[in-house]
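Residue numbers (the UniProt record's numbering): 1 to 444. No residue lacks a Cβ here, since even glycine has one placed at the ideal position from N, Cα and C. Here the structure comes first, spelled out in structure tokens, and everything after it is commentary.
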């Protein structure tokens, strides 16, 4: 089992030194006023931004780790394209001095990252970076960080977020975690444990022992809690787990099976399905008062509910029309309206944190696709297709999705990541098989 990752926020884990390195050299007026260089949400022709991540100076081990993690993050970002270091025509001896811009223009670099990492006399890690705009010929971002050495990976992710945001104008996503179901053993005797990892697959830690079967974990947007469904000796129940303390409790005392839990945007409620006979309906529970509210009342199977980012609406799947389709209704209940009308069956809808799209799983002709549509059901777009894709979850910036793919047979599920435009798809490494990923909010 790997070392327990830091659960601290940026403010408590990272000490920012000074006002930022950008203030040290000054920004040109043009670059200081420019909010972004790349509109990642623009449709049409797309070219990722070439960026050169030079080797960080200073402490050999810490610098190599920072350089490697930042480069790997950008490789998986879709919108930034790290240039092969073998093509670099300048070796950065002093990361504080401007690079020779003409040398970087020769290899088509639009940005250059320089930096250093060192240990202070008290043993703390000091890390800094500078982002240089080759076309403008000057520095456009920079920051210095001082922290406990155990937070070195987080520093690399925070640096990656700062650079990604400066270039795209979008919130970063690298300093996040993913809770998922770790699967080991044969297909007939599969052991499923809750686990948590960094978004790049590092720092895996197990949250349950595997005594009970667990599925559909979901992060709280406002606390260190995870909700999930557990199959124990009695009816399957929705549980609430604090990932810091390990404390668990049952959500509600319903007579029957509860499943498909998810938090409200403020983290104060959990919405879930309750199976009663051949039907299931949607209920919400206030985590402060423990009062429950029935939201749907039908003879159908209503499940997989998810709040809109503003908390006013709920998207869910239902077979009330004869097959699995996606519906939207008020968060307080009422009459739902259908938004999916393509061929096939739709399931596992998840609202984007931006509110612009709803992700879903679509089953048609034996294939399982991950797609997105607008909140009114228009603009349906398939991002990836095959057998068997399921369970989309959004990055906090609404630009990426994770999902799992199970090819069947004696193998098992693996987790993948795709951008919202379906331009690139990447595997997310896990110790064994992995399913049901759920992305955390940005750790701020």
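Within 10 angstroms of its Cβ, does residue i collect 16 or more other Cβ (buried), or is it exposed?
i, result
"residue 405", "buried"
"residue 157", "buried"
"residue 29", "Because the pLDDT at residue 29 is just 35, under 50, the model does not fix this residue reliably, and the point stays unresolved."
"residue 357", "buried"
"residue 33", "Summary for residue 33: the model assigns pLDDT 37, below 50, so the residue's position carries little reliability, and this model does not support an answer."
"residue 64", "exposed"
"residue 91", "exposed"
"residue 97", "exposed"
"residue 108", "exposed"
"residue 378", "exposed"
"residue 67", "buried"
"residue 198", "buried"
"residue 442", "buried"
"residue 122", "exposed"
"residue 87", "exposed"
"residue 85", "exposed"
"residue 73", "buried"
Taking Cβ to Cβ, would you say residue i is nearer than 7 Å to residue j?
i, j, result
"residue 451", "residue 165", "Because the chain spans 1 through 444 in this model, residue 451 falls outside it and cannot be assessed."
"residue 317", "residue 289", "no"
"residue 397", "residue 128", "no"
"residue 244", "residue 268", "no"
"residue 280", "residue 302", "yes"
"residue 259", "residue 273", "yes"
"residue 262", "residue 306", "yes"
"residue 114", "residue 95", "yes"
"residue 257", "residue 278", "no"
"residue 438", "residue 174", "no"
"residue 167", "residue 83", "no"
"residue 214", "residue 192", "yes"
"residue 227", "residue 270", "yes"
"residue 371", "residue 382", "yes"
"residue 349", "residue 326", "yes"
"residue 287", "residue 333", "no"
"residue 338", "residue 363", "no"
"residue 400", "residue 376", "no"
What is the residue span of the beta strand (DSSP E) that residue i lies within?
i, result
"residue 51", "49–53"
"residue 288", "Element bounds for residue 288: n/a, residue is neither H nor E."
"residue 312", "Element bounds for residue 312: n/a, residue is neither H nor E."
"residue 94", "Where residue 94 is concerned, there is no enclosing beta strand (DSSP E), given that its DSSP letter is neither H nor E."
"residue 362", "357–364"
"residue 141", "138–147"
"residue 387", "Careful: residue 387 lies outside any beta strand (DSSP E) and carries neither H nor E."
"residue 216", "213–219"
"residue 415", "414–419"
"residue 269", "269–276"
"residue 425", "425–428"
"residue 445", "Examination of residue 445 is not possible in this model, given that the chain is present from 1 through 444 alone."
Under 8 Å by Cβ, that's how I've got residue i and residue j pegged, so tell me the actual separation to the nearest angstrom.
i, j, result
"residue 451", "residue 177", "This structure gives no information on residue 451, because the portion of the chain shown stretches from 1 to 444."
"residue 141", "residue 131", "4 Å"
"residue 232", "residue 212", "5 Å"
"residue 394", "residue 369", "In fact, because the Cβ distance is near 17 Å, the residues do not count as touching under 8 Å."
"residue 309", "residue 355", "5 Å"
"residue 311", "residue 353", "About 12 Å separates the two Cβ atoms, so there is no contact after all."
"residue 143", "residue 51", "In fact, because the Cβ distance is near 17 Å, the residues do not count as touching under 8 Å."
In whole angstroms, what separates the C-alpha of residue i from that of residue j?
i, j, result
"residue 41", "residue 78", "12 Å"
"residue 322", "residue 342", "14 Å"
"residue 89", "residue 104", "7 Å"
"residue 27", "residue 119", "Interpretation of residue 27 is limited by its pLDDT of 38, a score under 50 that renders its predicted location unreliable; the figure taken from the coordinates is listed afterwards. Computed Cα separation, rounded: 28 Å."
"residue 247", "residue 208", "11 Å"
"residue 180", "residue 101", "44 Å"
"residue 431", "residue 230", "22 Å"
"residue 428", "residue 408", "19 Å"
"residue 47", "residue 38", "9 Å"
"residue 133", "residue 139", "6 Å"
"residue 433", "residue 413", "5 Å"
"residue 99", "residue 136", "12 Å"
"residue 300", "residue 319", "6 Å"
"residue 423", "residue 252", "42 Å"
"residue 112", "residue 402", "29 Å"
"residue 388", "residue 189", "20 Å"
"residue 58", "residue 241", "41 Å"
"residue 160", "residue 285", "38 Å"
"residue 282", "residue 249", "20 Å"
"residue 202", "residue 426", "15 Å"
"residue 183", "residue 172", "29 Å"
"residue 200", "residue 436", "16 Å"
"residue 56", "residue 76", "20 Å"
How far does the alpha helix (DSSP H) with residue i in it reach, from first residue to last?
i, result
"residue 70", "60–75"
"residue 102", "101–105"
"residue 164", "152–168"
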